[in-house]
Structure formats: structure tokens, C-alpha cells
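Peer 1: The opening position of the sequence shown corresponds to residue 131 in this note's numbering, with each subsequent residue numbered one higher. Glycine is no exception: its CB is placed at the ideal position from the N, C-alpha and C atoms.
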Amino acid sequence: MYLAEPKGIIGNEDVGAMSAWYVMSAMGFYQVNAADPTYTIGRPLFDEVSIPVAGGEFKISAENNADDNFYVKSVTINGEPLEDGLFFKHADIKAGGKLHFVMTGDKNEAMTPIR
């Protein structure tokens, strides 16, 4: 669907919404609801990404990231577990800091939501 050529994005791209979702999802998170500044986690494609923010950066890192390690073993934001194990707020990005994933290839090691 996405190719590095002039016709790389097909059809109605929703004025950038789909490519914005893809970029965020590739970093390992995406917005759950466009009307709520809450994000949930996915699988990061990159080992490390930095987003410049006022006064610093928001850094995303994925330990043990590999093609066959597609399960999230754990994820923290600034060293602390995420809300319900899955969510964080846009304010966390704006404040800078670090979102850290640990990946695994063993589905039995995959994290489950905290209830």
C-alpha cells in the first residue's frame, strides 16, 4: 500500500491521517481515539526513534527488536509501567522522556494487560 514512488499512496489518504497513523504505528504506538490524546502500544519497527520536543526529546527504544521478535515482553515510560500496561497520554510525549520496549519471539513471554 505504501511505496517510495509518486503513486506510493493510493486512493483517498484522509488528508494525511493514514500516513500519520503509519508513522506513529511504526514507532510502536498509535492514538486510540482522535478525540482523546491517549495512545496505546503496538510493535515498533525501529530499534530507536527520537521525537524532538520543547526542551528535549521523547525517545522510543526497542530492546531485542528483530524480525522474529514480534511480541512485546514489557514496556515502560520513564522506567514506570504504562497505565493498564497499554496506555499513555500525549502529555507524556510533550514532557520528553523515554518509552522503552523489550521484545521477544516467545509468545509465552508476551505481556498481558494489567487489570
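Within a Cβ cutoff of 6 Å, which residues of the same chain sit near Y169, ignoring the five residues on either side of it in sequence?
Peer 2: Contacts found: F159, Q161 and F218.
Peer 1: By DSSP, does A192 sit in helix, in strand, or in coil?
Peer 2: In this structure, A192 counts as strand in the three-state DSSP scheme.
Peer 1: Anyone know if the C-beta pair for P167 and N195 falls short of 8 Å?
Peer 2: No.
Peer 1: Just to check my reading of the structure: F176 and A156 have Cβ atoms closer than 8 Å, yes? What is that Cβ distance to the nearest angstrom?
Peer 2: Indeed, because the Cβ distance is near 7 Å, the residues count as touching under 8 Å.
Peer 1: Suppose contacts are defined by Cβ-Cβ distances below 8 Å. Is I190 in contact with V179 by that definition?
Peer 2: In this structure, V179 lies closer than 8 Å to I190 by Cβ.
Peer 1: From G215 to V202, what distance separates their C-alpha atoms?
Peer 2: Straight-line Cα distance between these residues: approximately 11 Å.
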